[in-house]
Amino acid sequence: MVFKVVLTSDRATMTDYGGFGGLGFVLCLPSRLLPKFFAYRFLAPPIETDTDGRALVAPLPLRKLEASLLEYGFSEEDVAITTPEKLAKTVKEETKVVGIHVLDPMGLAPVSHTLSAFTGGGETYTKTMFLEFIYRLLNLKRKYGFKVVAGGPGTWQLKGVFRSLGIDHLFHGEGEAVFPQVCQALMKGESLPEEIEGKTVPEEEIPLIRGPTRGGVVQITRGCPRRCQFCNPTMFKFRSIPLDNILKEVEVNVRSGESQISLATEDGFLYGASGIKINRDAVRRLIREVSKLTPNVGFCHVSISSIVQAPDLVQYFSETLGYSQENPYLPQVGLETGSPRLIAKYMSGKPRPWKPSDWPNLVVEASQIMNEWGWYPCYTLIVGLPGEKDEDILQTLELIDRLKHVKCWLFLLLMVPMGGSLMENEKFYQLKSFNEARWELMYKCLSHSLTFSEHIYRRMVSNIKNTLDQYLIQKFFEYGMKLIKNSLEALKKNPIEILNTISTVNFQHNPIGQLVYLKEAVKIFIRRYAH
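Per this note's numbering, the sequence shown runs over residues 21 to 551.
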């Protein structure tokens with residue numbers, strides 16, 4: 021079959037992670053720390069395709085672009101979503117445009133920047149897989165002469181380098197309204213700006229997906245009204261997707277065998293809201309109607325202030341969908357800092373309708389509410405915001421101490437000036453700026469998260485579809501947790517020595533020998549820093 025427009029992405033994105041999306045974060049580690057076979061086989065297994073090379077599931081952004089092209093007038097025979105492995109099968113002389121979705125192409129996203137820094141540096145797998153993909157695509161481009169358009173949340177990482185990678189155009193922002201016009205213009209040979217801006221699409225005009233999404237992701241809101249300065253989704257106009265459209269997309273996924281549905285949102289409890297005022301009826305109806313189609317449902321993100329506003333919705337969510345201490349729900353939640361000063365300066369909308377001074381107490385109260393109803397959050401914190409002082413770190417440490425009995429992860433992130441955010445012109449925060457207080461914060465977050473991971477990891481990996489893969493990933497986590505646990509005391513007393521040692525490890529060469537070296541190094545650290 022001949023396709024005029026092909027949509028695709030790199031292996032770190034065009035994978036279903038074996039059914040456990042959390043493995044995507046492991047790909048944010050430096051590639052030298054994971055053997056290539058292990059990363060490609062177990063962390064990012066390839067997505068299956070049909071006989072024409074079409075991906076059977078695909079990331080939501082590519083499904084939305086596919087739908088927009090079809091609504092614009094392209095035929096199903098004109099458009100295909102494919103995988104990196106099937107590019108040569110789907111891209112031919114008749115192909116005029118290849119659209120690529122980029123998430124973390126240069127390994128500069130907050131998780132990648134942080135994990136690379138805390139493990140001695142190096143190119144992350146997200147970057148490695150993107151470059152391998154783009155070089156494969158570039159060879160086909162030299163042969164056939166099609167145009168390459170890159171869009172997605174990671175386009176900011178490609179500014180200044182996209183031309184050298186064979187990318188003709190960067191597409192920033194929402195694509196459903198403009199991307200089909202771009203494709204049509206390129207097919208006619210028209211000249212377009214190298215960087216193209218999308219435009220806001222009214223919620224009722226966002227096209228419905230035609231095929232299943234990776235992880236059963238269905239968008240319920242777009243944008244965020246809280247306007248945190250470090251975040252780029254908040255720059256988009258806040259909208260709630262009509263419920264009928266959400267249910268149709270859930271049905272598409274469920275009919276295709278996607279048993280778990282992830283409702284994409286910056287805050288699930290703001291569905292149907294006007295600003296930050298919660299619409300309880302809209303949220304209850306959303307949960308109730310989606311649960312009729314499948315009970316395996318969760319929000320990608322919720323916010324602390326919304327939880328404190330509506331503890332009744334937390335209870336309703338858990339009771340309707342069957343979440344409990346035995347079957348926990350694991351949402352991502354932004355804690356960011358324990359400093360009311362930094363909250364007021366950079367994210368004053370986060371505690372609303374309360375004041376920044378209320379933030380630490382809101383975090384504690386929300387944590388108690390969530391744990392009571394079987395919600396175990398992955399809290400993210402930021403270190404290195406511009407103008408951050410030691411007193412801000414000490415306030416965060418005090419808050420962490422108040423959470424010592426809470427079942428949660430505490431994931432510390434280095435400040436990243438993400439493109440499209442209000443802080444895009446700031447500098448990346450570097451580990452060399454860490455002092456004793458910041459190392460103490462890192463140690464406490466890691467120690468707390470490790471203890472909780474030992475409690476929850478079996479539940480996490482249970483979603484992996486392949487039994488052998490599940491067993492091997494479980495052993496991988498067990499070994500990693502043991503290694504970190506044995507190194508904690510040394511890490512607390514001399515973190516730089518630990519990082520210098522990790523920076524010399526490279527499992528791409530002689531992985532068995534490197535493993536032995538690492539184990540012996542840990543033994544030395546234990547003896548040296550034992551109480």
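Note that CB positions come from ideal geometry on N, CA and C, so glycine has one too. In this text the structure is predicted, and so the values were computed from the model without any measurement.
{"Asked": "Taking the alpha carbon of Y399 as the reference point, which residue from G369, L433, M367, L405 has its own alpha carbon closest?", "Found": "L433"}
{"Asked": "Going by other Cβ atoms of all chains shown within 10 Å of its Cβ, with 16 needed for buried, is D30 buried or exposed?", "Found": "buried"}
{"Asked": "Could you give the C-beta distance for T220 and E194, rounded to a whole number, given that I count them as a contact under 8 Å?", "Found": "6 Å"}
{"Asked": "In the structure shown, what three-state DSSP assignment does C203 receive?", "Found": "helix"}
{"Asked": "Would you call Q201 buried or exposed, if buried means 16 or more other Cβ atoms sit within 10 Å of its Cβ?", "Found": "exposed"}
{"Asked": "Considering only the beta carbon of each residue, do K464 and L417 sit closer than 8 Å?", "Found": "yes"}
{"Asked": "For A100, collect the residues of the same chain with a Cβ closer than 6 Å to its Cβ; drop the 5 residues on either side in sequence, then sort them by chain order.", "Found": "F23, V26, R74, T110"}
{"Asked": "I'd like to know whether the C-beta atoms of M255 and S441 end up nearer to each other than 8 Å.", "Found": "yes"}
{"Asked": "Pick out whichever of E339, I389, L290, H425 has its Cα sitting closest to the Cα of V322.", "Found": "L290"}
{"Asked": "In or out: G404 buried (at least 16 other Cβ within 10 Å) or exposed?", "Found": "buried"}
{"Asked": "What whole-angstrom Cβ distance do A364 and C320 have, given they're in contact under 8 Å?", "Found": "Going by Cβ atoms, the distance from A364 to C320 rounds to 27 Å, so no, they are not a contact pair."}
{"Asked": "Buried or exposed: T33, going by 16 or more other Cβ atoms within 10 Å of its Cβ?", "Found": "buried"}
{"Asked": "Classify S555 as helix, strand or coil using the three-state DSSP reduction.", "Found": "Nothing in the structure corresponds to residue 555, since the chain is present only between 21 and 551."}
{"Asked": "Taking DSSP as the reference, what is the three-state secondary structure of S260?", "Found": "strand"}
{"Asked": "Nearest CA to the CA of S523: which residue from A137, E498, I298?", "Found": "A137"}
{"Asked": "Would you identify the three-state DSSP class for T254, choosing helix, strand or coil?", "Found": "helix"}
{"Asked": "Using the three-state DSSP reduction, which class does C465 fall into: helix, strand or coil?", "Found": "helix"}
{"Asked": "Please name the residue in E392, I226, Y92 whose C-alpha comes closest to that of K268.", "Found": "I226"}
{"Asked": "Does the count of Cβ pairs from the stretch 44 to 63 and the stretch 92 to 108 closer than 8 Å reach three?", "Found": "no"}
{"Asked": "Would you list the one or two residues that DSSP bridges to T144?", "Found": "P50"}
{"Asked": "Do three or more CB pairs link the stretch 118 to 125 to the stretch 175 to 184 at distances below 8 Å?", "Found": "yes"}
{"Asked": "Determine the closest residue to N445 out of R83, F182, L82, Q249, with distance taken between C-alpha atoms.", "Found": "Q249"}
{"Asked": "Under DSSP, the alpha helix (DSSP H) around Q335 begins and ends at which residues?", "Found": "331 to 341"}
{"Asked": "Alpha carbons only, please: which of K257, G231, M207 is nearest the one belonging to G218?", "Found": "K257"}
{"Asked": "Work out the CA separation of L158 and S51 for me, nearest whole Å.", "Found": "22 Å"}
{"Asked": "Any heavy atom of the ligand GDP closer than 7 Å to the beta-carbon of S276?", "Found": "No copy of the ligand GDP appears in this structure; indeed no ligand is present at all."}
{"Asked": "Out of curiosity, what's the CA-to-CA distance linking I413 and W395?", "Found": "26 Å"}
{"Asked": "Can you tell me which residues form a DSSP beta bridge with V481?", "Found": "None; V481 has no bridge partner."}
{"Asked": "In whole angstroms, what separates the C-alpha of V270 from that of V238?", "Found": "7 Å"}
{"Asked": "I need the straight-line Cα distance from P81 to T314, nearest angstrom please.", "Found": "22 Å"}
{"Asked": "Alpha carbons only, please: which of K147, G295, V383, N316 is nearest the one belonging to N273?", "Found": "N316"}
{"Asked": "Using the Cα positions of I281 and G235, report the straight-line distance between them to the nearest angstrom.", "Found": "7 Å"}
{"Asked": "For a minimum of 3 consecutive residues, which ranges assigned as the beta strand (DSSP E) are wholly contained in the stretch 93 to 133?", "Found": "99 to 101, 117 to 121"}
{"Asked": "Tell me the DSSP secondary structure of T400 in three-state form.", "Found": "strand"}
{"Asked": "Going by the beta-carbon positions, is the gap between R308 and T340 smaller than 8 Å?", "Found": "yes"}
{"Asked": "Looking at the secondary structure, which residues open and close the alpha helix (DSSP H) in which T416 lies?", "Found": "410 to 422"}
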